[in-house]
Each structure stands twice: as structure tokens, then as C-alpha cells.
Amino acid sequence: MEEPKIMEVGNMAATPSAPATEIADNTLVRTLERLNTILAAIAERVALLAVASVLLIGTFNIGDIILRNTVGFTFYGRNEINALLVAVAVSTCLPIGLAKGAVLSIDVLARVLNPTGRQQAIGLVGLVVSVFFGLLGYRIIGVAHNMALTNQTTVMTEWPKAPFFYIVGSAILIASVIQVLIALESLARSRSRWTLVSGSVTLLVLAGIAYVTLAFLDIVPGNIFMVLVSSNKIIFSAVAFALMWVAILLGVPLGVAMGLTGLAGAAAMIGLSPTMSVLGSETTGFVTQDALSVLPLFLLMGAFANVAGIGADLYRLCNALIGHIRGGLAHASILACAGFGTLTGSSVATQMAIGRMGLAEMRQRGYSVELASGSIAAGGTLGQLIPPSSALILYGVLTEQSIGRLFVGALLPGIAATLLFMGTVAIWVMIWPHHAAKGDKPTLRVVAEASKRSWSVLLLLGLVLSGIYFGFFTELEGGSVGAIGAFLIAAARGKINRATFWNTMGETTSSLAMMYLLMFGTIMLSFFFGIAGLPQSFVSFMNGFDLTPMQIILCLIACYLILGTAMDSFAMMVITIPIFVPMVEHLGYDPVWWAIMTLICMEAGQISPPFGLNMFVISSLAPDIPISRVFKGCWPFFASTIIKIILLLLIPGLATWLPSTM
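Structural data, given as C-alpha cells:
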């Protein structure tokens with residue numbers, strides 16, 4: 006008997022007797038897939054060129070520094086031009102960044118749903134994301150239209166602002182369209198396997214998404230939002246906050262969950278139309294802040310430092326200097342992490358760069374797994390604290406603090422953190438000397454060779470930080486010097502070619518998309534909490550316990566340490582900023598001091614079981630090391646982080662003295 010002929014349809018195989026609906030589904034999937042591929046390819050090329058243009062902006066800024074300090078000439082209105090150009094460049098990163106999944110999310114459903122359920126969940130979450138970006142892009146274009154009608158221009162150069170914001174809004178709308186296509190593709194792939202329950206849930210969610218979208222666009226009445234609000238604003242805010250966490254646990258990206266919660270909450274309290282106006286005005290004002298222009302430049306600095314192999318050079322230098330003493334390789338790993346983290350501002354990038362070499366060499370030299378993994382996991386946390394740090398930039402932008410003062414304020418705590426981690430290693434090998442062997446003392450030639458490879462890096466780092474501290478240039482100009490300097494170092498070492506250049510642009514694109522999504526969400530959540538009076542109510546609530554200001558600070562720190570065991574450090578920071586920062590300022594504490602305290606608490610979360618990110622990075626670098634042994638190795642360093650917190654409580658001048666001298 007002849008076998009039935011198999012026909013390939015998209016990614017599925019069907020016999021000639023396949024149901025018509027299945028064939029139609031496959032045709033739809035193929036069509037959506039083709040559209041996604043075309044749009045994503047275009048979006049990727051535009052984003053890569055946009056990020057590359059940030060390098061040109063950096064070059065322009067360096068030219069201005071040189072001219073200003075040699076012939077006294079400066080480009081008139083440079084900062085406002087920078088802000089607009091960077092806003093355009095970053096917005097064009099969002100479509101491809103979101104398409105590649107560059108979002109911060111907690112994917113609990115993936116562990117409990119079957120493949121069909123996961124496809125449906127991906128589709129529905131994608132539609133939720135598209136709603137937020139669709140509304141955001143729509144309102145930014147509305148603001149741009151008003152700017153065009155009223156002939157709004159920049160203050161100094163008198164450039165029309167509308168064209169820039171038309172591009173920003175259009176890029177965000179394109180991100181929404183790509184998310185819709187991705188979502189529809191996921192739903193189409195799973196539609197033939199829907200059950201009655203899953204299909205009903207999907208249709209119900211789709212109806213809800215459609216209603217919310219049409220209500221915010223003022224196409225259908227939005228009375229339901231006014232019905233939701235309680236007479237007690239605090240209870241309403243608490244319920245909204247809880248529902249936001251439900252959405253996050255269901256897989257909605259953190260920034261989107263925060264943004265939609267803020268939108269819905271504000272709409273319930275002041276109405277849909279005013280809320281949409283706030284969405285447009287707040288976002289356009291936010292993306293053109295001078296401080297925000299710093300972020301892509303320092304991200305590029307870190308990316309090119311990674312390409313240049315600077316992490317390996319710093320590790321070899323530290324190893325040559327102290328690697329021969331007992332525990333020296335662990336000390337060298339911590340010092341190298343501190344140095345490389347200063348350049349990258351990223352804990353994960355620091356840990357990946359230093360961890361590959363450090364782990365292998367320590368294990369080869371007979372170090373215990375606990376000491377090797379613990380020292381590198383702890384060293385990786387220094388990337389978030391020692392400036393220039395992406396976490397400090399994000400904190401400064403969200404709280405409207407001077408990024409330069411935050412950078413300078415983090416220097417002494419960063420040095421103290423490094424010394425405390427090294428002290429932990431020293432005590433460890435004193436108690437358990439068999440956990441680390443001594444090495445051979447290096448020759449002078451080895452030290453000289455390692456120093457030769459590292460001098461350019463140390464010079465760049467010193468130039469950036471000293472230039473900001475002494476006022477030789479601004480934070481934006483410091484970022485320009487760092488980005489162009491790291492690029493030139495990588496080029497001089499022969500590490501820049503077409504592939505590495507565009508890969509670096511791609512990594513930066515993803516990082517920018519993730520961070521800007523978090524910031525967009527925080528804008529609306531902070532606005533909602535503000536009009537609900539939540540920060541003031543939180544202050545009154547804490548005052549009701551008759552606690553001293555220091556006792557309240559201790560409660561906030563305890564809250565951070567508890568949250569850090571189960572939350573990503575960035576997520577923890579952006580969610581708590583709208584509530585904790587007003588409380589701390591009300592108590593009269595220095596905002597720079599609290600910023601550094603927040604980052605140290607974030608450090609603790611990165612190495613605290615069971616969900617500390619850095620411990621899982623170690624596990625990915627060395628899959629043969631049981632996670633339980635990594636946990637065991639991190640506990641002593643977690644204890645040293647607690648000592649750091651105590652030191653900063655007892656000696657706040659560690660964070661405030663240097664900024665006060667600026």
C-alpha cells in the first residue's frame with residue numbers, strides 16, 4: 006500500500022487530508038513570520054546605525070572639550086542638541102530590543118504551562134506590551150503635533166523640536182506593531198490546540214486588552230476606571246500595587262507592568278484624558294534630560310572595554326602583583342572585578358569577563374570551589390557600586406540627583422567594599438589555609454609586561470573620574486571621553502572589525518531597550534503614587550510606630566535585604582524608589598548617602614540565596630559546580646556586605662565627604 010505523501014507547510018507537516026483550519030493557521034503563521042522577519046531586519050539596521058551615531062556625538066563632545074580648553078570656543082547649545090539626538094537614537098533601539106526580548110521579567114508561567122499554554126501566554130503578554138508602547142507612541146506623536154502647531158523650539162539654538170519627537174513617537178509605535186505581530190504569531194501557532202478553557206481565557210483577555218486600548222484612545226467610554234477607585238486612595242494604591250505584582254508574576258515585563266499600573270491608577274483618579282496628557286508630557290520631558298544622555302555613552306564605554314580584553318589585562322596585572330600569596334588569586338579576582346567593573350558598570354559583564362579566567366586558574370591551583378566561586382560572585386557586585394555605574398546613572402535620572410555627585414560619592418564606599426571583600430578572603434585562608442595554595446613569586450619581567458598592557462586602561466579610568474571630580478568636564482563629556490577612549494584602545498589592539506563593532510552596537514541596543522523600558526514604567530508609577538499621596542501616607546504610617554529616623558532607615562534596609570533574596574536588584578530599585586526616596590528625604594538624610602546605601606543593599610541581594618543573580622552566573626560559567634557550594638561560598642561575603650552597611654550607617658561621610666568638596 007502506498008504511503009500518503011507528506012506536504013511541508015511552514016514549520017509543520019500535514020497530510021493532504023489535514024483540516025482546512027490547520028492549513029489556514031499555517032498560512033497565517035508563515036505570513037506573520039515573514040512580516041516579523043522583514044520588520045525586525047529593518048529595525049535592527051536602523052538601531053545599529055543609531056547607536057553608532059552616539060559615538061559621533063561623543064566625538065563631537067570631545068572636540069568641544071578641546072576647543073573650550075585651548076581657544077575658549079564652545080559650540081552654542083550643544084547640550085540641548087545632544088539630548089534631542091540621543092533621544093532619537095535610543096528610541097530607535099526599542100523596536101529591535103523588544104523583539105529580541107531585552108526586557109526584565111519573571112517567567113513563572115513557563116515552568117507550569119505546557120508548550121501550547123506557553124505559546125498562548127507569550128502571545129497575550131506580547132499584546133499587553135504592545136498596548137503600553139502603542140499608547141506611549143501615540144501620545145508622544147500628539148505632543149510633537151502640538152509642538153509643531155505652536156512652533157516650539159530649543160531655547161538656545163532655536164531648532165524646531167517637533168521633528169525629533171515625531172521620530173521618537175514613530176519608533177515607539179513601530180515597537181508596538183512588531184510586538185503585535187510577534188504576539189499574533191504565537192497565538193496562531195497554538196490556536197489549533199486550544200482547549201475550551203484556554204480558548205475562553207485567551208478571548209477574555211483579548212477583549213480586556215481591546216477595551217483598555219479603545220478607552221485610553223477615547224473611542225469608547227472609560228467609566229470603568231472611575232468605578233475602580235476606592236474612597237480610600239491608600240487602599241486603592243495597595244490593591245493596584247498587588248495587581249501589578251500579579252501581572253509581573255504572569256510574565257508581563259516589569260517596566261510594562263509598572264507603566265500600565267500607573268496609567269490605570271492615574272486614570273481612575275484624574276480621568277483618562279488628563280492621564281494620557283501626562284503620559285506624553287512626562288515622557289517627552291524625561292527622554293530629553295541632559296543626565297539621560299550619559300547612559301548610552303557609558304554603556305558603550307563598557308562594551309568596548311569588554312571587546313578590548315581589558316578584563317584579562319587587569320586580571321593578569323593583579324595576579325602578577327599579589328597572586329603568589331595564599332589566597333592571592335581570590336584577591337586578584339576581586340581587584341580585577343573592581344577595576345573592570347569601573348569601566349563597564351555592569352555586574353554580569355564584570356563577572357563573565359573575570360570569572361572565566363579566575364575560576365579556571367583557581368581550580369587549577371587547588372583552591373576550594375567555595376572560595377573560588379564566592380570571591381568572583383562577590384567581586385562581580387562591585388560593578389554596580391564603583392563609578393561609572395549604570396545603576397548609579399539610572400538612580401540619578403529617576404531621582405533627579407546629580408550623576409557626577411553620585412559617581413564621586415561612590416568612590417570611597419567602593420574602595421571600602423573592595424578592601425572588605427579582600428579582608429574576607431584573608432580571614433578565610435587564615436582559618437582554612439588548605440582552601441588556597443601559595444603560588445610562585447613572579448619575576449619583574451612578568452610584572453612589567455602585565456603593567457604595560459594595563460597602563461592605557463588605568464589612564465582612561467583616571468581621566469574620566471578625575472575630569473568629572475575636578476570640573477574639567479561634565480558627566481556627559483566624561484561619558485564621551487570614556488566611550489571614545491575605550492573604542493580607541495580596542496582599535497589599537499586590533500580587536501575592532503566589522504563583526505565585533507556591530508556586535509557591540511547590538512549589545513548596547515539591548516541594554517538601552519531594557520533600561521528605557523524600566524524608566525518609562527517608573528515615570529507613570531511614580532506619578533500615580535504621587536497623586537495618590539502614597540509616599541506621604543507611608544511616612545505617616547511609619548511615624549505611627551513612634552520610631553526614630555535611624556530606626557526607620559534600618560527598617561528600609563531590612564526590607565531591601567529581604568527583597569534581595571527573591572528579586573532582581575534593578576527591579577527592586579526601580580519599584581521602591583517612588584516610595585522609599587521621598588521617605589528618606591523627609592527624614593532629612595543626604596540623598597547621595599541613601600543612593601550609595603541602596604546600591605550596597607542591591608549588592609547584598611546579588612549574592613544572597615536563593616535567587617542572587619551572581620551565584621547563577623557562576624553556575625553558568627562552571628556547570629559542574631553544585632549551586633549549593635556556590636551558596637556556601639557566598640555567605641562570608643554576604644556578611645562582609647552587612648559590615649559595609651553598618652560602616653555607612655556609622656560613618657555617612659564615606660559617601661558624603663567627597664561630593665561636598667566638589
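Sequential numbering from 6 applies to the sequence shown in the numbering used here. Here a beta-carbon is modelled for each residue, glycine too, at the ideal position from N, C-alpha and C. Note that the structure is predicted; figures quoted are calculated from it, not measured.
Which stretch, first to last residue, makes up the alpha helix (DSSP H) that contains residue i?
| i | result |
| --- | --- |
| Arg123 | 120 to 154 |
| Thr158 | Taken as a continuous stretch (DSSP letters only), Thr158 belongs to no alpha helix (DSSP H), as it is neither H nor E. |
| Thr420 | First, the residue type needs correcting, since residue 420 is Ile and not Thr in the sequence shown. Start and end: 408 to 436. |
| Asp318 | 315 to 327 |
| Leu334 | 333 to 349 |
| Pro226 | No alpha helix (DSSP H) contains Pro226, which DSSP labels as neither H nor E. |
| Lys500 | Looking at the DSSP string, Lys500 is not in any alpha helix (DSSP H), and its letter there is neither H nor E. |
| Gln611 | 596 to 611 |
| His591 | 574 to 591 |
| Gly290 | 277 to 292 |
| Met555 | 554 to 569 |
| Tyr81 | Neither: Tyr81 is in no alpha helix (DSSP H) and is coded neither H nor E. |
| Gly363 | 352 to 369 |
| Met306 | 299 to 312 |
| Met547 | 539 to 548 |
| Pro664 | 658 to 665 |
When we look at the beta-carbon of residue i and count the other beta-carbons within 10 Å, is it buried (16 or more) or exposed?
| i | result |
| --- | --- |
| Ser485 | buried |
| Tyr81 | exposed |
| Ser515 | buried |
| Asn548 | exposed |
| Ile336 | Checking the displayed sequence, the identity of residue 336 turns out to be His instead of Ile. Answer is buried; the Cβ neighbour count reaches 16. |
| Glu163 | exposed |
| Lys457 | exposed |
| Gln556 | exposed |
| Asn156 | exposed |
| Pro9 | Interpretation of Pro9 is limited by its pLDDT of 38, a score under 50 that renders its predicted location unreliable; the figure taken from the coordinates is listed afterwards. Pro9 is exposed by the Cβ-count criterion. |
| Gly483 | buried |
| Arg503 | exposed |
| Pro100 | buried |
| Thr527 | buried |
| His440 | buried |
| Val117 | exposed |
| Ser22 | Only weak support is given to the placement of Ser22: the predicted model assigns it a pLDDT of 45, under 50, and the question is left unresolved by the model. |
For residue i, which residues from the same chain have a beta carbon less than 8 Å from its beta carbon, with the 5 sequence-adjacent residues on both sides left out?
| i | result |
| --- | --- |
| Arg498 | Ala313, Gly314 |
| Ile623 | Gln356, Gly360, Leu364, Ser378, Ile381, Ala382, Ile630, Val635 |
| Leu219 | Val225 |
| Ser191 | Gln124, Gln125, Ile127, Gly128, Gly131 |
| Leu304 | Gly350, Ser395, Thr513, Ser516, Leu517 |
So what does residue i bridge to, in DSSP terms?
| i | result |
| --- | --- |
| Pro631 | Paired residues: none, contrary to the question. |
| Pro165 | Thr158 |
Keeping to the same chain, check which residues put their C-beta closer than 6 Å to that of residue i; ignore five residues upstream and five downstream.
| i | result |
| --- | --- |
| Ser133 | Sequence inspection shows Val at residue 133; the Ser mentioned does not correspond to that position. Contacts found: Val257. |
| Leu300 | Ile398 |
| Ala245 | Thr266, Gly270 |
| Pro657 | Trp598 |
| Val402 | Ala296, Leu297 |
| Leu523 | Gly260, Val579 |
| Tyr474 | Val413 |
| Leu592 | Pro554 |
| Met249 | Ala262, Thr266 |
| Ser542 | Ile239 |
| Ile146 | Gly174 |
Please work out which residues of its chain come closer than 7 Å, Cβ to Cβ, to residue i, disregarding the five sequence neighbours upstream and downstream, and give them in chain order.
| i | result |
| --- | --- |
| Glu590 | Pro596 |
| Ser531 | Pro583 |
| Glu85 | Thr159, Val160, Met161, Thr162 |
| Ile601 | Gly414, Ala415, Pro418, Leu653, Ala660 |
| Leu141 | Ile177, Leu284, Thr288, Phe525 |
Give a yes or no on whether 7 Å exceeds the smallest Cβ distance from residue i to chain B.
| i | result |
| --- | --- |
| Leu302 | The chain inventory of the structure shown lacks chain B, comprising one protein chain alone. |
At least 3 beta-carbon pairs within less than 8 Å: the stretch 349 to 359 vs the stretch 315 to 323: yes
Stretch-stretch touch, CB-based, cutoff 8 Å, three pairs: the stretch 91 to 100 with the stretch 47 to 61: yes
Three or more C-beta pairs below 8 Å linking the stretch 131 to 149 and the stretch 200 to 207: no
Contact the stretch 501 to 519 vs the stretch 538 to 554: 3+ CB pairs below 8 Å: no
At least three beta-carbon pairs within less than 8 Å, the stretch 101 to 112 to the stretch 63 to 79: no
The stretch 429 to 442 contacting the stretch 323 to 338, beta-carbon criterion three pairs below 8 Å: yes
Cβ contact (3+ pairs, closer than 8 Å) linking the stretch 459 to 469 and the stretch 35 to 43: no
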